[in-house]
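In my numbering, the protein residues as written are 45 to 385.
Structure first, then comments.
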């Protein structure tokens, strides 16, 4: 049988043809969900690209960035984590505020981050610039390659890069984000929203069987009716159809509903559960994430939640950034970062 689900299927029984067709399924994608974590095995998900001479990260950096932009909790929480950690650091002449924030953002989103040392003519470091983790790759000799769209990649020696990464027991080349256990929930939250949007947009929010047994409905009229139904999806989909069957009766056409999105997809439950999963994955207080409590529940004192999160998460992250940068041999004593007291 033809796998094209838009094709007509005609069967014959006692010389009476029965025609079945579906519509509104153009561009239908596979129902199999994409698994971000499928590549992580005993190797940690990394492998060496001999042609380009660098280690390939365990997780697709572009996909991680895209997921953060499409989820209403995941992305904003990363920005909040960045802001709260950056506020605990007193800047030095080497590092501007936007470079520090970009560095922490990369670390929270991708699990690793890099600063490039800008030197003057006498080889002194005068500035630290953040490199996007989307394009940064680690080479076998410890150097770094910064990918360019034109293929003319830039290579930096290990001594010119300050690299911070999350610990991963599988491999010590790249970092892995700490929220990795919540990735599936982040994608499910987005999928649920897209699923609901598709139904409202294409008018297929309620499936049905359009049934007719009238012998007066010949193949030509069937084709006309099929085209009219196919043309009813998309913008203006809630239009009425006029059908005239000469010598027909009142039961010539029947509409048999087979699904109702409003009661079958558990949209609100999915959104609620996946939102909670994202808060858990980031260890982020619900009261600081814009969560609206349901029923008579409350989220507690946001001031206390902020203080607790600062103590357990923001200050340890800020301290890690400070210690890494200050310990570099090219950073002088008067250029060091300081933890806000």
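Note that beta-carbon positions come from the ideal geometry of N, C-alpha and C, so glycine has one too.
Computed from a predicted model, the values in this text were never measured in an experiment.
Contact defined as beta carbons within less than 8 Å: I believe residue 172 pairs with residue 189. What is the distance between those atoms, to the nearest angstrom?
Actually they are not in contact, since the Cβ atoms of residue 172 and residue 189 sit about 19 Å apart, beyond 8 Å.
Roughly how many angstroms separate the alpha carbons of residue 370 and residue 132, rounded to a whole number?
The straight-line gap from Cα to Cα measures roughly 15 Å.
Using a 10 Å radius around the Cβ and a threshold of 16 neighbouring Cβ atoms, would you call residue 334 buried or exposed?
With fewer than 16 Cβ atoms within 10 Å of its Cβ, residue 334 is classed as exposed.
Hey, could you find the ends of the alpha helix (DSSP H) residue 359 is sitting in?
359-370 is the extent of the alpha helix (DSSP H) around residue 359.
Under DSSP, the beta strand (DSSP E) around residue 93 begins and ends at which residues?
Start and end: 91-93.
How big is the Cα-Cα spacing for residue 139 and residue 220?
Each residue's alpha carbon lies about 25 Å from the other.
What are the start and end residues of the alpha helix (DSSP H) that includes residue 126?
From DSSP, the alpha helix (DSSP H) with residue 126 extends over 118-130.
Between the beta-carbon of residue 40 and the beta-carbon of residue 121, is there less than 7 Å?
In the structure as shown, the chain begins at 45 and stops at 385. Residue 40 is therefore absent and cannot be evaluated.
Would you call residue 155 buried or exposed, if buried means 16 or more other Cβ atoms sit within 10 Å of its Cβ?
Buried.
Closest to residue 143 by CA distance: which of 117, 167, 123, 175 is it?
Nearest of 117, 167, 123, 175 to residue 143, Cα basis: 175.
Does residue 384 pass the burial test, meaning 16 or more other C-beta atoms within 10 Å, or should it be called exposed?
Classification for residue 384: exposed.
Since residue 90 and residue 102 should fall inside the 8 Å C-beta cutoff, what is the C-beta to C-beta distance between them, to a whole number of angstroms?
At roughly 5 Å, the Cβ-Cβ gap stays under 8 Å, so residue 90 and residue 102 are in contact.
Going straight from the alpha carbon of residue 375 to that of residue 207, what length do you get?
Residue 375 and residue 207: Cα-Cα distance of roughly 14 Å.
Taking DSSP as the reference, what is the three-state secondary structure of residue 335?
Reduced to three states, the DSSP call for residue 335 is coil.
In terms of residue numbering, what span does the beta strand (DSSP E) encompassing residue 156 cover?
Taken as a continuous stretch (DSSP letters only), the beta strand (DSSP E) holding residue 156 covers 156-163.
If I measure Cβ to Cβ from residue 255 and keep anything under 8 Å in the same chain, skipping five residues before and after, which residues do I get?
Closer than 8 Å at the Cβ level, and outside the excluded window around residue 255, lie 297, 298, 299, 300.
Could you tell me the alpha carbon to alpha carbon distance between residue 258 and residue 324, rounded to whole angstroms?
Spanning the two alpha carbons is a distance of roughly 58 Å.
Going by other Cβ atoms of all chains shown within 10 Å of its Cβ, with 16 needed for buried, is residue 260 buried or exposed?
Exposed.
Write down the C-beta distance between residue 343 and residue 366 rounded to the nearest angstrom, noting that I regard them as a contact closer than 8 Å.
Actually they do not touch by this definition, with Cβ atoms about 31 Å apart.
What is the rounded straight-line gap between the Cα of residue 402 and the Cα of residue 253?
This structure leaves residue 402 out entirely; the chain is present only between 45 and 385.
What is the residue span of the beta strand (DSSP E) that residue 173 lies within?
Note, residue 173: beta strand (DSSP E), 169-175.
Which two residues bound the contiguous beta strand (DSSP E) that contains residue 98?
Here the beta strand (DSSP E) through residue 98 covers 98-100.
Short check: CB of residue 226 to CB of residue 128, under 7 Å?
Taking 7 Å as the Cβ cut-off, residue 226 and residue 128 do not qualify as a contacting pair.
Would you list the one or two residues that DSSP bridges to residue 256?
DSSP, once it has assigned bridges, lists 297 as partnering residue 256.
Mark residue 238 as exposed unless 16 or more other C-beta atoms lie within 10 angstroms of its C-beta, in which case mark it buried.
Its Cβ having fewer than 16 others within 10 Å, residue 238 is exposed.
Tell me whether residue 141 sits in a helix, a strand or coil according to DSSP, three-state version.
Looking at residue 141 - three-state DSSP - the assignment turns out to be helix.
Look up residue 181 in the DSSP assignment and say whether it is helix, strand or coil.
Strand at residue 181.
How far does the alpha helix (DSSP H) with residue 353 in it reach, from first residue to last?
Segment 346-353, the alpha helix (DSSP H) holding residue 353.
Report the rounded CA-to-CA distance for residue 212 versus residue 153, giving the unit in angstroms.
Taking the straight line joining both Cα atoms gives about 15 Å.
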